[in-house]
Amino acid sequence: AWLPLALNLFTAVCASFVLVQLARSVALLRYEMVSADPFRQGKPVSAHLPMRAAWMPPLLAVLVCGLQLTFWENATSATGEMISLLCFAYAIRCLLEFRVTENQSWLSRCACVYAAGMADHWMLVGYFPVLVATILWIKGLGPFLELRFLLRMMFWGLVGLSLYLLLPTLLGFSGEHQLD
855 AWLPLALNLF TAVCASFVLV QLARSVALLR YEMVSADPFR QGKPVSAHLP
905 MRAAWMPPLL AVLVCGLQLT FWENATSATG EMISLLCFAY AIRCLLEFRV
955 TENQSWLSRC ACVYAAGMAD HWMLVGYFPV LVATILWIKG LGPFLELRFL
1005 LRMMFWGLVG LSLYLLLPTL LGFSGEHQLD
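For what it's worth, the working numbering labels the leading residue of the sequence shown as 855, then goes sequentially.
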């Protein structure tokens, strides 16, 4: 009797993490402000909004997403859509974090989580060419084609895709070998 309630609570927690990932992703977006002012020539242009206004875009994004009816429906019922959305939102955040910090571990996390999401939902399989094109755009063609980088990304992708083997492994250990 407690299982549906626990699944609904888990889905609600996943939905709140999706909103957190969305807020962080919007905060990481660079607001490229091209200065046409001749007095600002030679001065660095800020890549982020000033502190007074920095909280408004993430809050607006969270409100727009969080108050949608379909988001609420999927956040309060254990349909499994929130797990896929959480993987997708975290992969986008990892790409944006890499764009800002250029730390390779963010791309490794992106590959692992995105591949785990591919094991959960077919939609992410269709978006895989977009992910590869985005990584190519952010990293550039030269560093993208390095063997070490490609092997690292393939390794973390295979770690994420290993979730495909989870259910057959659990079935093998359970002792029931009938697939009805």
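We put the beta carbon where it would ideally sit given N, CA and C, even for glycine.
Residue i vs residue j beta-carbon contact at 8 Å
i, j, result
"L961", "I989", "yes"
"A945", "C919", "no"
"M977", "S1016", "no"
"A869", "M936", "yes"
"G971", "C941", "yes"
"L876", "A915", "yes"
"V880", "A943", "no"
"G1014", "A987", "no"
"R947", "R878", "yes"
Of the listed residues the options, nearest to residue i (C-alpha basis)
i, options, result
"T955", "M972, L939 and K993", "K993"
"N1042", "Q875, A866 and A915", "As displayed, the chain neither begins before 855 nor continues past 1034, which places residue 1042 out of reach and without an answer."
"Y1018", "F925, P997, A969 and A943", "A969"
"W991", "S959, V967, L949 and R1006", "L949"
"P858", "R1006, F1027, T924 and A932", "A932"
"F982", "L921, Q958 and C966", "C966"
Residue burial classification, residue i (beta-carbon count within 10 angstroms, cutoff 16)
i, result
"W1035", "Beyond the ends of the chain as shown, which are 855 and 1034, falls residue 1035; an answer cannot be given."
"V984", "exposed"
"A860", "exposed"
"V888", "Note on V888: pLDDT 49, under 50, position unreliable in the model; no value is reported."
"P912", "buried"
"F952", "buried"
"A855", "exposed"
Cutoff 8 Å: residue i Cβ touching any chain B Cβ
i, result
"Q875", "Protein chain content of the structure displayed is limited to a single chain, and chain B is not contained in it."
Tell me the start and end of each unbroken alpha helix (DSSP H) in the segment 932 to 981 that is at least 4 residues and wholly inside, in chain order.
935 to 955, 958 to 974 and 977 to 980
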